[in-house]
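Each residue of the sequence shown is one higher than the last, beginning at 52 in this note's numbering. Note that the Cβ used here is the ideal one computed from N, Cα and C, for glycine as well. All of these numbers come straight from a predicted model, not from anything done at the bench. Below: one structure, written as structure tokens.
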Amino acid sequence: MSDHLMNTYAPLPVAFERGEGAWLWDTDGKRYLDAIAGLGVCALGHGHAGLARVIADQASKLLHTGNLVHIPWQEKLAERLTGVAGMDRVFFGNSGAEAVECAVKIARLSGHARGLENPSVIVMEKSFHGRTMAALSATGNRKVQAGFEPLVSGFVRAPFADTAAIENIAKNNREIMAVLVEPIQGESGVRTAHDGYLAELRAICDENGWLLILDEIQSGLCRTGKWYDHQHEGIQADILVSAKALANGLPIGACMASGKAAEAMQPGSHGSTFGGNPLVTRAACTVLDIMASEGIADHAAATGARMMSAFRERLGDNGLVKDIRGRGLMIGIELERNATPVKDHCLEAGVLVNVTQESVIRLLPPLVIDEEQAGMIVSAVCDSIEALD
Ligand SMILES: Cc1ncc(COP(=O)(O)O)c(C=O)c1O
């Protein structure tokens with residue numbers, strides 16, 4: 052690692068030069084199957100010719116103008132994205148964390164408009180919402196927060212997937228304005244909730260006049276078999292944050308809102324120099340078009356279901372495997388022990404996987420993987436787990 056980079060990451064000993072679909076080639080020419088997609092970003096895979104042509108065309112015409120003028124591609128993306136998400140309005144920033152910041156700001160504006168002095172947001176234990184100050188304060192992981200105190204105030208923590216705990220807070224805290232939740236907790240190990248959890252939260256929010264904020268930065272954009280994971284439950288969010296796969300690798304974050312929450316921001320309330328520039332918004336429009344026309348959500352659902360049953364069949368009786376969970380192509384395999392050797396073994400075998408929370412093998416492959424590639428990922432992960440002593 053260069054001494055001139057801040058010491059924030061612990062990268063694997065590999066660097067990639069090019070990619071094609073779910074394949075990556077390192078600087079020595081070795082080929083790898085990508086089962087992590089740059090942490091859930093490259094949903095359409097690498098080196099997508101159609102997307103590359105659009106990006107090159109836009110780069111040759113106009114990269115950036117700033118939001119002092121109309122940006123037609125931004126307006127087009129706003130219409131397209133809110134359409135698939137079932138939301139009313141969107142603000143574009145450059146990352147997931149920024150989208151979360153925008154969501155928290157909307158919750159506070161809405162709370163003040165209701166006369167609350169300290170509008171607060173219920174957040175979940177073991178959640179992850181990003182590394183900026185409000186996002187890390189909302190995050191339920193002390194490791195992410197340690198050393199960065201004082202944290203941003205106005206967050207009240209509750210256990211994930213525990214509706215009774217939220218009801219209890221509703222009885223005792225009059226300053227709550229919103230609930231912020233990931234439908235599936237990604238960073239903390241692809242932790243899923245019981246069926247109906249989001250609908251239960253929706254009902255509590257409705258009873259109390261709270262906003263339901265869904266962080267679908269990892270679970271969204273077809274990964275779990277719908278445009279957004281909460282659509283499996285048929286519920287409506289008040290605020291929905293999205294990022295990662297939206298431009299398949301160009302930086303973009305989106306904070307969408309519906310109803311009253313969509314009217315909270317006014318000129319001067321929020322902004323971003325790069326947010327929603329012509330390059331990234333045109334790329335994102337193309338990503339959404341490809342996802343829709345190629346039936347990527349259905350493909351992710353079917354491929355993920357096949358992978359999940361293959362994992363269960365092969366690892367169901369393995370004493371080292373604690374749990375196999377997830378939805379679509381967001382899959383977590385929790386071991387009874389540290390899973391780092393699995394990651395290393397897979398890397399050696401030419402399959403790139405991720406380990407989170409030390410014991411969970413997390414798979415977020417490009418959503419375009421075919422059956423053979425899915426089978427190769429399953430084999431490599433199972434072989435690596437079985438090779439553990
Ligand atoms: C659920 C969730 N929220 C927020 C973030 C932060 O996104 P970013 O790293 O783009 O700021 C992430 C990133 O992994 C995430 O998974």
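Closer than 8 Å to a non-hydrogen atom of ligand 1 - does that hold for the CB of Glu233?
yes
Give, in chain order, every unbroken run of the alpha helix (DSSP H) that is at least 4 residues long and sits entirely within the stretch 99-145.
100-112, 123-136
Short of 6 Å in beta carbon distance, which residues of its chain neighbour Ala154, apart from the five on each side in sequence? Order them along the chain.
Ile264, Ile290, Val292, Cys306
For Arg182, the three-state DSSP class (helix, strand or coil):
coil
With C-beta atoms as the reference, is Glu71 less than 9 Å away from His97?
yes
Go ahead and pull the three-state DSSP assignment for Cys306.
strand
For ligand 1, is there a heavy atom less than 8 Å away from the beta-carbon of Val151?
yes
For Asp266, write down the residues that DSSP places opposite it in a beta bridge.
Val292
In chain order, what are the residue ranges of uninterrupted alpha helix (DSSP H) at least 4 long that sit wholly in the stretch 166-239?
184-189, 193-196, 214-223
Look at the alpha carbon of Val241 and the alpha carbon of Ala216, and state the distance between them as a whole number of angstroms.
21 Å
Collapsed DSSP secondary structure at His97 in the structure displayed:
strand
On the CB-based measure, 16 or more other CB atoms within 10 Å of its CB, does Asn389 come out buried or exposed?
exposed
7 Å CB neighbourhood of Glu385 in its chain, flanking five on each side removed:
Gly240, Lys373, Asp374, Ser410, Val411
Ordered along the chain, which non-local residues of its own chain (more than five positions away) have a Cβ less than 8 Å from that of His179?
It is Phe, not His, that sits at residue 179 in the sequence shown. Once the five neighbours on either side are set aside, the close Cβ partners of Phe179 are Thr190, Gly191, Asn192, Val195, Glu233, Gln236, Gly237, Glu238, Ser239.
Hey, would you say the C-beta of Leu90 is under 8 Å away from at least one heavy atom of ligand 1?
yes
To which residues does DSSP link Thr407 through a beta bridge?
Val411
Validate contact between the stretch 163-183 and the stretch 222-230 using beta carbons, cut 8 Å, 3 pairs:
yes
Measure the C-alpha to C-alpha separation of Gly377 and Glu267 and round it to an integer number of angstroms.
14 Å
State the Cα-Cα distance for the pair Asn118 and Glu176, rounded to the nearest angstrom.
37 Å
Per DSSP, cross-strand counterpart(s) of Thr243:
Ile235
Limits of the beta strand (DSSP E) - the one that Gly383 falls within:
381-386
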